[in-house]
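The next block holds one structure in the form of structure tokens; read it before the comments.
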Amino acid sequence: MDLVIENLPFLLKGAYYTLLITVVSMFFGLIIGLIIAIARLKGNRILRGIARAYVSIIRGTPALVQIVIVYYGLVDYGIELGPLTAAYIALSINIGAYVSEAFRGAIQSIPKGQTEAALATGMTERQAMRRIIIPQAIRYAIPPLGNTFVGMLKETSLVSVIAVTELMRSAQLLVAQYYVYMPFYAAIAAMYWIMSTFFTFLLNKIEKRLSVY
1 MDLVIENLPF LLKGAYYTLL ITVVSMFFGL IIGLIIAIAR LKGNRILRGI ARAYVSIIRG
61 TPALVQIVIV YYGLVDYGIE LGPLTAAYIA LSINIGAYVS EAFRGAIQSI PKGQTEAALA
121 TGMTERQAMR RIIIPQAIRY AIPPLGNTFV GMLKETSLVS VIAVTELMRS AQLLVAQYYV
181 YMPFYAAIAA MYWIMSTFFT FLLNKIEKRL SVY
């Protein structure tokens, strides 16, 4: 326990990077997911095919493999990325596939009559999607997106394989220094739990607030 307290600043720095990677990846993942969901529902045949292939490939391969491909594999083509940048890109692409399915289900849950009513008022289909459908779909998508966000928080531990000093990597470095396992791994398990609980609470509050409208 004394070792954990002594090295708590180092672990908290790792927790900061874990949160940073989670928030940045989720932000870009939301954008990617929304674009892919709309492409699957409203795109032409080619766009729908590309979107389906993207979702199938990303969901059908391990996130660890995707991270390694982005960081190590792209070097073969002259693209060298820093560990943190590679983590952002790989996890954003990964989470985008799962977010797209949440958005697609939410958009499909909106009654078609609302689109028809919007078109009848003179809106274009794009305007109806932007002003009527998507705002409601985001509200419906909050619960599955919350689960995805918490899952992403834990997925960040995978980027330790490319030497990003997030929470898991911080514990590994301390284990290598002190040759003890349980105190550090128990400490990061508690930190992951605290962060997950906090975000679950926050997302539940957002869901309740949006449900009022």
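Those letters in the sequence shown? Residues 1 to 213, by full-length UniProt numbering. Heads up, the beta-carbon is just placed ideally off N, CA and C, and yes, glycines get one too.
For residue 166, the three-state secondary structure derived from DSSP is coil. Nearest C-alpha to residue 94 among 63, 51, 75, 115: 63. Runs of the alpha helix (DSSP H) spanning 4 or more residues and lying entirely within the region 65-137 occur at 83-109, 112-120, 125-128, in chain order.
One alpha carbon belongs to residue 121, the other to residue 107, and they sit about 20 Å apart. If you compare the alpha carbons of 187, 192, 138, 134 with that of residue 42, the shortest gap goes to 134.
Distance from the CA atom of residue 57 to the CA atom of residue 3, rounded to whole angstroms, is 43 Å.
Within the model, the alpha-carbon separation for residue 48 versus residue 154 is close to 31 Å.
Counting the other CB atoms within 10 Å of its CB gives residue 140 a total of 16 or more, which places it among the buried residues.
Comparing alpha carbon positions, the residue from 200, 173, 178, 38 closest to residue 103 is 38. In the pairwise beta carbon analysis, the region 142-149 is classified as touching the region 194-207: at least three pairs are separated by under 8 Å. In this structure, residue 110 places its C-beta atom within 7 Å of the C-beta atom of residue 136. No Cβ-Cβ contact shorter than 7 Å links residue 96 with residue 5. In this structure, the beta-carbon distance from residue 92 to residue 28 falls below 7 Å. Two segments are said to touch when three or more pairs of C-beta atoms, one from each, lie closer than 8 Å; by this definition the region 6-26 touches the region 156-171.
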